[in-house]
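Taking it in order: structure first as structure tokens, then the write-up.
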Amino acid sequence: MSKKAVALISGGLDSVLAARVVMEQGFTITGLYFSSAFSKSFGNEEATPAARVAKSIGIELRVLDMGQEYIDVIRNPKHGYGRHINPCIDCKIFMLTKAKEIMNELEAPFIVTGEVLGQRPMSQRRDTLHLIERDAGLKGMVLRPLSAKHLPPTKAEEEGIVDGEKLLDISGRSRNVQLHLAGQYGITGFSAPAGGCLLTEEHFAERLRDLFTHNPSVTPADIRLLTLGRHFRLESGEKVVLGRDNRENNTIISLEGPGFHLFLPHDFPGPVAIMTAKPSDVEKHTVGRLMLKYSKELPGKARSIRYGPKIFAPEERAEEQASRPIKVGSGA
Numbered sequence: 000m001s002k003k004a005v006a007l008i009s010g011g012l013d014s015v016l017a018a019r020v021v022m023e024q025g026f027t028i029t030g031l032y033f034s035s036a037f038s039k040s041f042g043n044e045e046a047t048p049a050a051r052v053a054k055s056i057g058i059e060l061r062v063l064d065m066g067q068e069y070i071d072v073i074r075n076p077k078h079g080y081g082r083h084i085n086p087c088i089d090c091k092i093f094m095l096t097k098a099k100e101i102m103n104e105l106e107a108p109f110i111v112t113g114e115v116l117g118q119r120p121m122s123q124r125r126d127t128l129h130l131i132e133r134d135a136g137l138k139g140m141v142l143r144p145l146s147a148k149h150l151p152p153t154k155a156e157e158e159g160i161v162d163g164e165k166l167l168d169i170s171g172r173s174r175n176v177q178l179h180l181a182g183q184y185g186i187t188g189f190s191a192p193a194g195g196c197l198l199t200e201e202h203f204a205e206r207l208r209d210l211f212t213h214n215p216s217v218t219p220a221d222i223r224l225l226t227l228g229r230h231f232r233l234e235s236g237e238k239v240v241l242g243r244d245n246r247e248n249n250t251i252i253s254l255e256g257p258g259f260h261l262f263l264p265h266d267f268p269g270p271v272a273i274m275t276a277k278p279s280d281v282e283k284h285t286v287g288r289l290m291l292k293y294s295k296e297l298p299g300k301a302r303s304i305r306y307g308p309k310i311f312a313p314e315e316r317a318e319e320q321a322s323r324p325i326k327v328g329s330g331a
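Residue 0 is where the sequence shown starts when you use numbering that gives the first Met the number 0, and the numbers rise one by one after that.
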């Protein structure tokens, strides 16, 4: 039987520790990191905590793009949301289903995860752990080394491929045992618990719910825009986003393309704006007024806006003409 295994690596301590425990029994681990637009490190995967911890224990790390299919899972989760808009059960089923393909490719007998019994109230209960592997088509093939002694033996344990006596009996929310083992194994660079998932953050959840309400189809570019700037809805239902600093301005500029219409401050320092549809004449001035509102006044100097090849000075009461824009989510 193959001495290979596939491990889900999030960048947190539990997942890399689980992989390291299995390595103690002579297994070659292939780590899988799932990249999505809902991750804070999206687009910079080489610098993620997952990449750091994989390097610290000397394993290969494959990056898998969750793509459009995952956005559809987030929009309509079979098993519901957590506190905000985080469908943790459906997310884990999705990842394990994709990991199963790599497991079969490598002819590995099981998948390793860092789940700890009782650590998460929604996705790490005993009944939920069973449901997740069942719905992923992996009954008996998901090894959870950190809590293995509290759980039914996997096929790998029953067949003697893995020595269950060398696995652990961690449960609950305390992380003292994991931190001790991290020091013992020399594991560094891991992220804070749940620190990389935007779906668990209140302000992002507000913006995502608003997006799902107004947009029948949502793309990764739409999701990326949620992480930037100040958001406003116009009376038409279209969205305007303003950058809050040079970094956000540059990122917003990079998103210009079909479905994203860019406004630039022409003769003053201020926010870049992007709108999710071609603006009407009134909306152009509304966007311009928002840009002026969030920039510093220059005494004695008029300020104008560039939209495409045209330059215009926003009309004074354009905000009221297009109905007062509604701010979406938090953002200073």
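We put the beta carbon where it would ideally sit given N, CA and C, even for glycine.
Taking the alpha-carbon of Pro192 as reference, which of Ser173, Gln183 and Phe203 has the nearest alpha-carbon? Ranking Ser173, Gln183 and Phe203 by Cα distance to Pro192 puts Ser173 first.
Taking only three categories from DSSP, how would you classify Gly163? In the structure shown, Gly163 sits in a helix (DSSP, three-state: H, G or I).
Would you mind stating whether Phe189 and Gly299 have Cβ atoms separated by less than 8 Å? Note that the C-beta distance between Phe189 and Gly299 is not below 8 Å.
Using CA atoms only, rank isn't needed, just tell me which of Ile252, Arg232 and Glu201 is closest to Thr212. The option with the nearest alpha carbon to Thr212 is Arg232.
For Ala17, count neighbouring Cβ atoms within 10 angstroms of its own Cβ and tell me buried if that reaches 16, exposed if not. Flag for Ala17 reads buried.
Would you check if the distance between the CB atom of Lys238 and the CB atom of Thr275 is smaller than 8 Å? Cβ atoms of Lys238 and Thr275: closer than 8 Å.
With distances taken between CB atoms, is the gap from Phe267 to Arg229 smaller than 8 Å? The answer is no: Cβ separation not under 8 Å.
Beta-bridge pairing of Ala50 - partner residues as DSSP gives them: Beta-bridge pairing by DSSP links Ala50 to no other residue.
In this structure, does DSSP put Leu63 in helix, strand or coil? It is a strand residue.
Starting from Ser14 and walking both ways along the alpha helix (DSSP H), at which residues does that stretch end? Ser14 -> alpha helix (DSSP H) spans Leu12 to Met22.
If contacts are defined as beta-carbon pairs under 8 Å, then Leu137 and Ala155 qualify, I think. What distance do you get, rounded to the angstrom? Actually they are not in contact, since the Cβ atoms of Leu137 and Ala155 sit about 12 Å apart, beyond 8 Å.
I'd like the span of the beta strand (DSSP E) that includes His230, first residue to last. Residue range Arg229 to Arg232 is occupied by the beta strand (DSSP E) that includes His230.
In chain order, what residues of the same chain lie with their CB nearer than 6 Å to the CB of Glu318, ignoring the 5 residues before and after it? Because Glu318 carries a pLDDT of 49, less than 50, the predicted location of this residue cannot be relied on, and no value is offered for it.
Is DSSP giving Phe93 helix, strand or coil here? Helix, per DSSP.
With 16 other Cβ atoms within 10 Å as the buried cut-off, status of Ile84: Burial call: buried.
What is the rounded straight-line gap between the Cα of Phe33 and the Cα of His179? About 27 Å.
Rounded to a whole number of angstroms, what is the C-alpha to C-alpha distance between Pro151 and Gly171? C-alpha separation (whole angstroms): 17 Å.
Starting from the Cα of Val21, find the closest Cα among Ile169, Leu224, Pro308 and Asp162 and give me that residue. Closest option to Val21, judged by alpha-carbon separation, among Ile169, Leu224, Pro308 and Asp162: Asp162.
Which runs of the beta strand (DSSP E) spanning at least 3 residues fall entirely within the region 129-195, listed in chain order? Fully enclosed beta strand (DSSP E) runs of 3 or longer: not present.
Inter-residue spacing [alpha-carbon to alpha-carbon] between Ala321 and Thr218: Here the model assigns Ala321 a pLDDT of 45, short of 50, so the residue's position is not dependable, and the following value carries that caveat. Going from the Cα of Ala321 to the Cα of Thr218 covers about 27 Å.
If you draw a straight line from the C-alpha of Lys309 to the C-alpha of Lys283, how long is it? Roughly 11 Å separates the two Cα atoms.
Quick one: using the 10 Å Cβ neighbour count with 16 as the cut-off for buried, is Val52 buried or exposed? Under this definition Val52 is a buried residue.
Status (buried if at least 16 other CB within 10 Å, exposed otherwise) for Leu297: Leu297 is exposed by the Cβ-count criterion.
Unbroken alpha helix (DSSP H) run spanning Thr212, endpoints: It spans Glu201 to His213 - the alpha helix (DSSP H) in which Thr212 sits, taken as one unbroken run.
Answer with buried or exposed for Val327, where buried requires no fewer than 16 other C-beta atoms within 10 angstroms of its C-beta. Counting the other CB atoms within 10 Å of its CB gives Val327 a total of 16 or more, which places it among the buried residues.
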